[in-house]
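Engineer: Take this structure, written in structure tokens, and hold onto it; I'll ask about it next.
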Amino acid sequence: MNGNSVPENAGMKNDVENPFTVLSTDTNASTVEDTNTGAYINRQTISNDSTSNAEERPPGRPKTDPPASKSLTSDVTVQMGDINIAGVTNSNVLNRNVYDNDLNSWTNIHSESAVDGANASLPTQVVPAPAPRSPVVATLAGVGTYYGRTALKMAGSVASTAVTYARSTTDNYIASRANAVKKNTPAASENDDSYLAQQKNVLASTPSLTTADVPLVARKDPINEEEWYECFNEEGQIISPEFVRSRVFTGGCANDIVRRSMWEFLLGVYRWSSTYEDRENESRKNRRQYYELLDLLNAMELTPEEAESMEQIDKDVIRTDRELPFYGDPNDTLDSDEPLPINLQKLRNILGVYSVIFNPKLPYIQGMNEYASAMLYIQQGEESDAFWCYVKLMQFMGDFFLPEDKTVMNRQFQMLMQLVGDHSPKLYVHLASHECTDVIFAYSWILLNMKRQFPFEESVKVFETTWSMPMKEYQDNRINLGNNPYVLFLALAVFDIESKNMESMDYGEILMHMNTLSGKMDLDLVLSKLVVCKCVSVSLALLL
Amino acid sequence: MGMNFTQATWFCLDVIILGNSGVGKTSLMNQFVNKKFSSQYKATIGADFLTKEVIVDDRVVTLQIWDTAGQERFQSLGVAFYRGADCCVLCYDVTVNKTFEALGSWRDEFLIQASPRDPDNFPFVCLGNKVDLDQRQVLAQDAQEWCESKNSISHFETSAKEAINVEKAFLEISRAALRQEAEDQAYTNDYSDTIKINSNQSQPQQADSCQC
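The listed protein sequences derive, respectively, from chains F and S. Position one of the first sequence corresponds to residue 1 (our numbering), numbered consecutively onward. Position one of the second sequence corresponds to residue 1001 (our numbering), numbered consecutively onward.
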């Protein structure tokens, strides 16, 4: 590895601060005539000397690594070294045309599987490779076209060609061939340059996850009120935050009474060490401040941008969790001339106060309504309490919503696909060959922490489990849940449950299938699969 | 015209629905596919997808409809399935002028991302939704004029809620998509014929299956 020191958490930050993002920009996208399909194929690819990179690839993660974000950080170092070697210093690895370099091997591959490979010349959103140790990769290396994650990413077309090669059959060749012919026009990759530049940045800051990071934990009984009250000392301080967190992680809250106060601690509205008195003062102060902000919102004249934010909020508030009786009659169409049901009005207030006044840097984005709604519901309609929970939540989820910046989400997708490649190579190959590695159906899973996948009352358990995931560097009031990979493990469990189905589906069918599961997934099943997904388990025992 | 496909050919047509948030994209799709309207749809995050078999000019085709998120932030997400679309549906809300004004940029965005072979003649269909509401802001005539200025885009005023014109609009969408697909195939077939000279490999014939 190189000798550069990597700042703590570098991998978690936006690419601009990343010391390793200076990558070559002279991408040689070349348009080549494909003699087999008659389509133009834009190939952006790499040399075929795979071995040198294979050697530089970081070794598999030690099985003893805990799932803490600390371990992610250390992994980032390794990963970035990999990128440095594959993507920057060894510039001839990139931007070469396999067609030129190795006509024979390319043609061999291509004649078997032209089409999916051709399709892959579209800049796919995310095309990470499976982790190096998966059998698929061995196959790929065998045909001389696997060059490690970085290169594969840059090289969409050939990598995917090779993937297809590994599973190609006559039937899907014919079917998919038509598709390639249809989709490959000479103008196919106009945006490749900027896209690649962006992807390089994403890559350079992507920590690596493996299934070894999946925390294995047997579900225990949820915390009921009695147990929860015993967690406080006489002054009202939490005696052992670690214990509470581990209990929530393994069991969740038994009911919404426990949940209401628990969330305020988990999210950091109140410090674990705060006393009853502290919290009373804090609460009073918070309330006063919130209602001042709300008055301001109602009194002020909005700029066009702010007005736009409020318009979008108005559109979304009336379609947020309407199945809950909490928000009134679900069949009421709520015409704009009638006042909103009380709790929808509160939801509107919270979103407006936050995005227009409290944190204008983070304008309202669709999906935020889902979180604010959960806060309001769990805080039993208490607007100010819900607002401050939402504020804390946005401190770590805000990055996921940043407009114009898809880095955070792309990184999540990439980690997810690494996990899939690691856990289910067969499924990974299927997804890759169907251009599904952008897993767009998983977009809302990650953005909303699976909220829409489960019935509402289950989704709140997913939230608290996520927020209480043991993180090594956790300290009172120093949480950085944005780096929390738990939702990815849940997603992996869903992939595991659905892999049989997915393997017979194409892109659209998978999207449709996954969307029909919305709100219907079985949390217990997913959690039980989480355990199965785990290859080796050590992590939790070390942390609890 | 090169539309010489056989009866056995089964077409899958990709249709993508674009338009501002809240104009009713998901509702239109569901009304057409499932004959249902719900006031409880959630904002689309990411994308949605439904298919339906329709009969267009005595031909059975499978319509694959891609529903997208309307808020700007998600725009570049769907790039992967912009490509290969056979028809693009531009939606606005007749009660919100702004949604109509945005159609131009949605159209441009699509053409940039999808880069169709012949952008000037790529089929768009424009739907003004929510005609069941009284607070109309966009006049049918204005919309019509705009559509004509854009190389005669077909225009329909619809109500996903009351199922007004939805069926009719989607029939036109299917027809336009089929035309586009046929032309694309004719183009690529002509094209690959010339290439095939150099190839010993036999050209697999279009199978009697969905080609997508």
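Heads up, the beta-carbon is just placed ideally off N, CA and C, and yes, glycines get one too.
What are the boundary residues of the beta strand (DSSP E) that F:S444 is part of?
Structural biologist: No beta strand (DSSP E) contains F:S444, which is instead part of the alpha helix (DSSP H) from 443–447.
Engineer: Of all Cβ atoms in chain S, is any one closer than 9 Å to the Cβ of F:S336?
Structural biologist: For F:S336, the answer is yes, since a Cβ of chain S falls inside 9 Å of its Cβ.
Engineer: Tell me the DSSP bridge mates of S:R1059?
Structural biologist: S:V1056, per the DSSP bridge assignment.
Engineer: How should F:L530 be labelled, buried or exposed, when 16 other C-beta atoms within 10 angstroms of its C-beta is the threshold for buried?
Structural biologist: Its Cβ being crowded by 16 or more others within 10 Å, F:L530 is buried.
Engineer: Do S:A1047 and F:I365 have their C-beta atoms closer together than 9 Å?
Structural biologist: Result no, Cβ atoms of S:A1047 and F:I365 do not sit closer than 9 Å.
Engineer: Under the assumption that S:S1021 contacts F:N331 (Cβ atoms under 8 Å), give the Cβ distance between them as a whole number of angstroms.
Structural biologist: Actually they do not touch by this definition, with Cβ atoms about 22 Å apart.
Engineer: Is it true that the CB of F:K392 sits closer than 9 Å to the CB of F:G268?
Structural biologist: The answer is yes: Cβ separation under 9 Å.
Engineer: Per DSSP, which one or two residues make a beta bridge with S:V1166?
Structural biologist: None, per the DSSP bridge assignment.
Engineer: Could you pull the start and end residues of the beta strand (DSSP E) that S:E1157 belongs to?
Structural biologist: Here the beta strand (DSSP E) through S:E1157 covers 1154–1157.
Engineer: Using the rule of at least 16 other Cβ atoms within 10 Å of the residue's Cβ for burial, across every protein chain shown, is F:Q545 buried or exposed?
Structural biologist: There is no way to answer for residue 545 of chain F, as the model of chain F reaches only from 1 to 544.
Engineer: Cα separation between F:S160 and F:Y428?
Structural biologist: Confidence in F:S160 is poor, its pLDDT being 33 and thus under 50, which makes the residue's placement too unreliable to answer from.
Engineer: Can you confirm whether the segment 280–291 of chain F touches the segment 370–390 of chain F when touching is taken to mean that 3 or more C-beta pairs between the two stretches lie within less than 8 Å?
Structural biologist: Result yes; three or more Cβ-Cβ pairs closer than 8 Å.
Engineer: Here's a check: name, in chain order, each residue in its chain whose Cβ is nearer than 8 Å to the Cβ of F:L525, leaving out the five neighbours to either side.
Structural biologist: If we look at F:L525 and ignore the five residues flanking it on each side, its Cβ neighbours are I497.
Engineer: If you measure from the beta carbon of S:V1166 to each beta carbon in chain F, is any gap under 9 Å?
Structural biologist: Not an interface residue.
Engineer: Go through its chain and collect everything with a Cβ distance to F:S424's Cβ below 8 Å, but skip five positions before and after it.
Structural biologist: So the list reads F495, D496, S499, once near-sequence residues are dropped.
Engineer: Using a cut-off of 8 Å between C-beta atoms, extract the partners of S:Q1064 located in chain F.
Structural biologist: The contacting residues are G508.
Engineer: Where do the N-terminal and C-terminal ends of the beta strand (DSSP E) with S:N1129 fall, by residue?
Structural biologist: S:N1129 -> beta strand (DSSP E) spans 1124–1129.
Engineer: Using the three-state DSSP reduction, which class does F:W272 fall into: helix, strand or coil?
Structural biologist: Reduced to three states, the DSSP call for F:W272 is coil.
Engineer: Start and end of the alpha helix (DSSP H) containing F:G508?
Structural biologist: F:G508 -> alpha helix (DSSP H) spans 507–516.
Engineer: Which residues in the same chain have their Cβ closer than 7 Å to the Cβ of F:N349, if we skip the five residues on either side of it in sequence?
Structural biologist: Same-chain partners within the cutoff: L294, E383.
Engineer: Candidates F:P325, F:L402, F:L302: which alpha carbon is nearest F:I342's?
Structural biologist: Taking only the C-alpha atoms, the option nearest F:I342 is F:P325.
Engineer: When you compare the CB of S:G1002 with every CB in chain F, is at least one pair closer than 9 Å?
Structural biologist: For S:G1002, the predicted model reports a pLDDT of 45, less than 50, meaning its position is unreliable; a value from the coordinates is still stated below. S:G1002 does not count as touching chain F.
Engineer: Use the C-beta contact count for F:Y270: other C-beta atoms within 10 angstroms, 16 or more gives buried, fewer gives exposed.
Structural biologist: That one is buried.
Engineer: Given a cut-off of 9 Å on the beta-carbon distance, is the pair S:I1016 and S:F1100 in contact?
Structural biologist: Not closer than 9 Å, so no.
Engineer: Only counting the same chain, and skipping five residues up and downstream in sequence, which positions put a Cβ closer than 6 Å to that of S:F1156?
Structural biologist: Hits under 6 Å: L1127, N1165, A1169.
Engineer: So, helix, strand or coil for F:T466, using DSSP?
Structural biologist: In this structure, F:T466 counts as helix in the three-state DSSP scheme.
Engineer: What residues are listed by DSSP as bridge partners for S:Y1092?
Structural biologist: Bridge partners of S:Y1092: S:G1128.
Engineer: Does the distance from the CB of F:I313 to the CB of F:V258 come in under 9 Å?
Structural biologist: No, they are not a contact pair.
Engineer: Using 8 Å as the cut-off, can you tell me whether the segment 509–527 of chain F makes contact with the segment 454–462 of chain F, which would need three or more C-beta pairs spanning the two stretches below that distance?
Structural biologist: Cβ pair count under 8 Å is three or more, so yes.
Engineer: For the 8 Å Cβ check, are there 3 or more pairs between the segment 1105–1121 of chain S and the segment 1025–1039 of chain S?
Structural biologist: No, they do not touch.
Engineer: Would you mind working out which of F:I510, F:Y291, F:S246, F:P241 sits nearest F:W274, comparing C-alpha positions?
Structural biologist: For the sequence presented, residue 274 of chain F should be read as Ser rather than Trp. Checked all of F:I510, F:Y291, F:S246, F:P241; the closest Cα to F:S274 is F:P241.
Engineer: Look at the Cβ atom of S:F1032, then the Cβ atom of S:E1167, and state whether they are nearer than 9 Å.
Structural biologist: In this structure, S:E1167 lies closer than 9 Å to S:F1032 by Cβ.
Engineer: Which residue's Cα is closest to the Cα of F:V420: F:V244, F:D438, F:S504?
Structural biologist: With distances taken between Cα atoms, F:V420 lies closest to F:D438.
Engineer: So, at 6 Å on beta carbons, what are the nonlocal neighbours of S:A1143 in its own chain, with the 5 sequence-adjacent residues on each side left out?
Structural biologist: So the list reads G1128, H1155, once near-sequence residues are dropped.
Engineer: Let me check one thing: in DSSP terms, what residues is S:I1065 bridge-paired to?
Structural biologist: DSSP lists S:V1015, S:L1050 as partners of S:I1065.
Engineer: Could you name the residues of chain F that S:Q1137 contacts, counting a contact when the two beta carbons are closer than 8 Å?
Structural biologist: None at all; the shortest Cβ gap to chain F is about 13 Å.
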